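According to numbering that gives the first Met the number 0, the sequence shown is numbered sequentially starting from 0.
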Amino acid sequence: MKYLIIILTIAAVGSIAAGLIFETEYSQKFIGFGTMGLFVLVFPLFAYYRWKDKDFRDYMLTKENLDKMRDKEKHNF
């Protein structure tokens, strides 16, 4: 998964760079497909890869988590 994300990122950035560097009739399409590849493929795959083993409840602002933060803040002072 990690290598797939790297390959897709390089391909998307390469497509954007090719569209900016080479003046062809398809330059705008290279830039568009590169941008679309980043936002439709790379970013969701990266988010899934980074968050797949995490518990989302640890990052939500619930009463228990707010109490933990307040207790931790009291111990730091």
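Ideal Cβ positions, reconstructed from N, Cα and C, are used throughout, including at glycine. Model, not experiment: these values are computed from the prediction.
- The alpha-carbon separation between Ile5 and Val39 amounts to approximately 15 Å.
- Thr61 and Tyr25 have their alpha carbons spaced roughly 51 Å apart.
- Val41 is the residue among Val41, Met0, Ile20, Glu72 whose C-alpha sits nearest the C-alpha of Thr8.
- In the displayed model, Met68 falls within a helix according to three-state DSSP.
- Take Ala17, set aside five residues on each side of it, and the residues of its chain with a beta-carbon closer than 6 Å to its own are Phe29, in chain order.
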